[in-house]
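Enquirer: The structure follows.
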Amino acid sequence: MMQLQENKVTSMMAADSDPESEVFEITDFTTASEWERFVSRVEEVLNDWKLIGSSVGKPLEKGIYTSGTWEERQQEICFADFRFAITHHYLKQESSDREGKEEPEEDAFPVAMQDLLCMNNDFPPIAHCLVRWYGLREFVVISPGANSDAVISESKCSLLLSSIAISLGNTGCQVPVFVQIQQKWRRMYVGECQGPGVRTDFEMVHLRKVPSQYNHLSGLLDVFKSKIGCPLTPMPPISIAIRFTYILQDWQQYSWPQQPPDFDAPLGGEVGGVEFGKLPFGACEDPISELHLATAWPHLSEGIVVDNDVYSDLDPLQAPQWSVRVRKADNPQCLLGDFLTEFFKLCGRKESTDEILGRSPIEDEGKENSDITHALSKLTEPSTVPIHKLSVSNMVHSARKRIRRHRRVEESPLSTDVLNSILLYLFPDAAEKSSDANDAKPVTPNPNSKPEKDAEDYNLYNQFKSSPADTLTYRLALCLGMVNFYHGGVKAVAHLWQEFVLEMRYRWENNYLIPGLGSGPPDLRCCLLHQKLQMLNCCIERKKARDEGRRAGPPDGARERKASGCENGRPGQEGSAPEPAQGKSWDSWSDSEEEFFECVSDADELRDGSQGGEEAPRARPEGRLHPHGKLTLLHTQEPLYIPVTQEPAPMTEDLLEEQSEVLAKLGTSAEGAHLRARMQSACLLSDMESFKAANPGCSLEDFVRWYSPRDYVEEEVVDERGETVLQGQLSARMRIPGNMWVEAWETAKPTPVRRQRRLFDDTKEAEKVLHYLAQQKPADLTRHLLPCIIHAAILKEKEEEAVEDIPSVRKTIQQFISLGSKLLHHPNPDYKKLEDLINQIMLGEAVIARARSLKAKFGIGKCEKVDDQEELERFVGRLLEEPEVPVIGAGRGPAGSIIHKLFVSAQRLAESTDEASLLAPAEEDLERPGDRKPCPDFPPPAGRELVLRALAPRPAPYSRALPQRLFCVLTREDFRLAGAFSSDTSFF
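Mapping the sequence shown onto this note's numbering, position 384 (from 1) lands on 392, and the numbers just tick up by one.
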């Protein structure tokens, strides 16, 4: 280097002395190469991650590698055009930063070397492979990038190792660094760790088959001793940890609990088949495929145990430690999950009901024309049904038979028995209560009665926008899911829906209320289909009340809530009453609407009116309900009567949205605002007319005092006599000239409710609902009822979880309840997210099925001792939650005894199967009875893991004693040795 600098100086002096002399280009051999840049980049990354220098780590607690939190960070580096990923893996510890600042002892080993000798975390069930092989808490891995080839050549591997050594030496980093070589599936890593005067080399051997001389502990000890090459005699003691793994795969004698098929039920022959109204639940196959038993000898010395090619002391029953893990079946088939998935698939169908059932309008028209010639004769024929046999059930069934008489039995997707069972479940009022038809009365369930569940479960319909449990809509969703899952798929769904629509029309035409919906207007918290059915029920109620009113007297559709709420304020109080408006006259609005009047008799008029008889018809009070407390009319001082009024028109959410769009299109002009206010006040005019009819001689002030008390202001004033009296007047908004209330009052005529035009045309609205139902495709129907199905599935899973008591499932249920409430309230939910929600419900079902399988296999509930029963329940619960569970008492505890019996039974079964499958041997090959070997309790171990440790000086006798470690894995198709060998570099 100094010679090169002298050459540069000489050239510069020559150039200065002779400007015209020729200057030669000098090659700078100090330019960094690609290899040097790579080394520099590795050093930069180690410096950025603050891994330089020494650190102190506290001893590791037992099991911290499994229970602790592992974190990683990654960057990308390049060697020329070859990309590498450098990753830092470390166990997060609470006070690691504080401990990293402490000054280490002068001769202290690096933390990684201390971890090589730690026995508290051997064989962690879940960890990075380098953590399992070397017991490290922190390390760095350099591996080829995602699109880069594997490092296979020996020269490249040596180059990478030398790069690591230089980087560690330059930075003083004491964290071990590994390089991944060979194909990625082989998981081959080599690396190095450096400390003050010490170095640890991480080496690895990987073979397909286990060499015969290394198939036991004795051979592996020879490998370990020869690799250490310790010159001391005697050899330092070697610590041994051994773990054997046995796999139980045959669970035939311990089947999982699943409901057997009931051949007498409508769903007979189906696994998990249940009655209508209940969802199937459980696994169709064993959700636990294997049980892995790990027997461990954690602390052994070389002279205590013998294991060679002739004899072995390693009996699993004598192992001091047992641990168990279960291998779960990949995507087990579960009934509830399949039920939801098949129902969800219907959302993607495009066909209509008629297209699915294979009929066209032309065919239907031809069938109608073929029967029209007999229509009059059928009408004039006397009824062939005896009068004592008439019932709702008979009429419903006969109507269906007339409609379906052209359909052949073989064309019907649903059989008659299944269809009748479903219809009787949906409409229980159609069944005769007794054999005597005269005494039979419809049995209508009360959906308003709270089911025997807690309030949280009952109110789930509000969160999911479905419908309350055990209502007609809820039952319909379950039945449609059942027929789709068990009885023909989408064709059965279309068939059942067609029958349901026919039932709705039959009930409307014959004034039969729909059961399972309750009374009152549509509940906007429920799904739209439920609201439509409630709207149809409202129409049936109005029509039925109107028909009964014509026969028996005044209709009973009076707005009772207006009378009952008069003391506490009217519906038209502040914030409820429409704002007064100016402009267009009321007559121009009312004339544009279609008029409709009820037909009443003279007797009805006399029944509703007062008994005066001498007054003119208009002056006679009509339509009175009852007096309003102590209020009197301001001008006549007669008692103020509450009138019989019309109920406001019920509306579903789609009608409300449509009305809102119409009102929004009117604009913000004065005329548009006035028209919008008039449209919103159709009920106001009806109430004014009823009030005038019930209170002849009344004024607008009287109406306001009853309808909107806050708009009538009373003040104390002093009269001419000097006495303080109350004087009332309308509020400021009511005194606006030409406002809507004044115009409506002047236009309103004293007309009782029975002679008014109906605010709610039940005939028109019922036909709209029936048309809406008939036009629904199976896909549309599925979208409407999907919230009900998910609601029912969650209730079912909560019910099953309460029996098994699994905390993780309980927590998961709360999570997807929250997710479902967000998704299902949206008018157009994200179906991809809904599919994810269904998958989460399926996972919860699988966990419950695993719990039942394990409880059946471990005999939960059959133990005579209470302590053993509780211990087994805790053990099974931990198996579901944790990756690996220690067995208390090893092979002598309650769980260990059961596991031992499971293996013994499997071995006996395997032996009998093998003997039966063999052909009859020749006579000379027959064994003597005494030569037959007893069947072992356990099969050969599927995997053997050994950890050999020693504290030995290397490479010379005078070197410091340093940690040496060898991890061995022996399986049927894999042999791996992962060694960490430390050397003293102070005098080497």
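We treat Cβ as the ideally placed atom computed from N, Cα and C, and that holds for glycine.
Predicted model only: the values in this text are computed from it and were never measured.
Pull up the DSSP beta-bridge partners for Ser991, would you.
Expert: Its beta-bridge partners are Arg207.
Enquirer: For the putative contact between Ala787 and Cys355, defined by C-beta atoms under 8 Å, what is the C-beta separation to the nearest angstrom?
Expert: About 6 Å separates the CB atoms of Ala787 and Cys355; that is less than 8 Å, so the two are in contact.
Enquirer: Hey, could you find the ends of the beta strand (DSSP E) Thr640 is sitting in?
Expert: In the DSSP assignment, Thr640 falls within the unbroken beta strand (DSSP E) covering 632-640.
Enquirer: Checking the sheet assignment: what are the DSSP bridge partners for Gln82?
Expert: In DSSP, Gln82 forms a bridge with Thr95.
Enquirer: Within 10 angstroms of the Cβ of Thr479, are there 16 or more other Cβ atoms? Answer buried if so, exposed if not.
Expert: By the neighbour-count criterion, in which 16 or more other beta carbons inside 10 Å mark a residue as buried, Thr479 falls on the buried side.
Enquirer: Between Leu422, Leu537, Arg251, which lies nearest to Phe493 when the distance is taken from Cα to Cα?
Expert: Leu422
Enquirer: If you draw a straight line from the alpha carbon of Cys547 to that of Val733, how long is it in whole angstroms?
Expert: 50 Å
Enquirer: Could you give the distance in angstroms between the alpha-carbon of Ala801 and the alpha-carbon of Asp662?
Expert: 27 Å
Enquirer: Can you tell me where the beta strand (DSSP E) with Trp305 in it begins and where it stops?
Expert: Note, Trp305: beta strand (DSSP E), 296-309.
Enquirer: Using a threshold of 8 Å, state whether the C-beta atoms of Arg968 and Arg957 are closer than that.
Expert: Not in contact: Arg968 and Arg957 (Cβ atoms no closer than 8 Å).
Enquirer: Tell me whether the beta-carbon of Ser214 lies closer than 8 Å to the beta-carbon of Asp317.
Expert: Ser is not the amino acid found at residue 214; the sequence shown has His there. No, these two residues do not count as a Cβ contact at 8 Å.
Enquirer: Of the choices Leu168, Tyr142, Leu138, Pro306, whose alpha-carbon is the least far from that of Pro152?
Expert: For Pro152, the closest alpha carbon among the candidates Leu168, Tyr142, Leu138, Pro306 is that of Leu168.
Enquirer: Beta carbon of Leu738, beta carbon of Val712: below 8 Å?
Expert: For the 8 Å CB-CB criterion, Leu738 and Val712 form a contact.
Enquirer: Residue range of the beta strand (DSSP E) that Ser8 falls in?
Expert: Since the first residue shown for the chain is 9 and the last is 996, residue 8 is missing from the structure and cannot be characterised.
Enquirer: To the nearest angstrom, report how far apart Thr519 and Leu789 are at their CA atoms.
Expert: As written in the sequence, residue 519 is Asn, which differs from the Thr given in the question. Computed Cα separation, rounded: 25 Å.
Enquirer: Could you give the DSSP three-state label for Glu69: helix, strand or coil?
Expert: In this structure, Glu69 counts as coil in the three-state DSSP scheme.
Enquirer: So the candidates are Lys217, Gly180, Leu887; which of them puts its Cα closest to the Cα of Pro815?
Expert: Leu887
Enquirer: Does DSSP put Ile395 in a helix, in a strand, or in coil?
Expert: The predicted model places Ile395 with a pLDDT of 33, which falls under 50 and marks its position as unreliable; any figure quoted below should be read in that light. Ile395: helix per DSSP, three-state reduction.
Enquirer: Could you pull the start and end residues of the alpha helix (DSSP H) that Ala701 belongs to?
Expert: Per DSSP, Ala701 belongs to the alpha helix (DSSP H) from 690-702.
Enquirer: Which residues bound the alpha helix (DSSP H) around Thr732?
Expert: Segment 732-738 is the beta strand (DSSP E) holding Thr732; no alpha helix (DSSP H) there.
Enquirer: Assign Lys473 to buried or exposed, taking buried as 16 or more other Cβ atoms, counted over all protein chains shown, within 10 Å of its Cβ.
Expert: Buried is the call here.
Enquirer: Grab me the residues of Cys165's own chain with a C-beta within less than 8 Å of its C-beta, minus the 5 sequence neighbours each way, in chain order.
Expert: Val159, Val187, Ile189, Val198
Enquirer: Alpha carbon to alpha carbon, what distance is there between Phe232 and Asp933?
Expert: With a pLDDT of only 48 at Asp933, under the threshold of 50, the placement of this residue in the model should not be trusted; the figure read from the coordinates follows. Their Cα atoms are separated by approximately 44 Å.
Enquirer: With respect to the alpha helix (DSSP H) encompassing Gly76, which residues constitute its N-terminal and C-terminal limits?
Expert: Neither: Gly76 is in no alpha helix (DSSP H) and is coded neither H nor E.
Enquirer: For the alpha helix (DSSP H) containing Ala120, name the first residue and the last one.
Expert: 119-125
Enquirer: List the endpoints of the continuous alpha helix (DSSP H) containing Trp141.
Expert: Trp141: member of the alpha helix (DSSP H) spanning 137-142, first to last residue.
Enquirer: Determine contact between the stretch 81-91 and the stretch 41-56, defined as no fewer than three beta-carbon pairs at a distance below 8 Å.
Expert: Yes, the stretch 81-91 is in contact with the stretch 41-56.
Enquirer: With distances taken from CA atoms, which of Tyr720, Ala337, Gly366, Val726 is nearest Val2?
Expert: Since the first residue of the chain shown is 9 and the last is 996, residue 2 is not available in this structure.
Enquirer: Please state if the CB of Phe983 and the CB of Lys217 are separated by a distance shorter than 8 Å.
Expert: yes
Enquirer: List the residues that DSSP assigns as beta-bridge partners of Glu665.
Expert: None, per the DSSP bridge assignment.
Enquirer: What span of residues does the beta strand (DSSP E) with Glu146 cover, start to end?
Expert: 146-152
Enquirer: Sort out for me which residues DSSP pairs Cys201 with in a bridge.
Expert: Thr208
Enquirer: In the DSSP assignment, the beta strand (DSSP E) including Tyr649 goes from what residue to what residue?
Expert: 647-651
Enquirer: Determine the burial state of Gln257: buried for a count of at least 16 other Cβ atoms within 10 Å of its Cβ, exposed for fewer.
Expert: Exposed.
Enquirer: What does DSSP give as the partner residues of Trp330 in its beta bridges?
Expert: Thr303, Val895
Enquirer: Buried or exposed, going by whether 16 or more other CB atoms sit within 10 Å of the CB of Tyr319?
Expert: exposed
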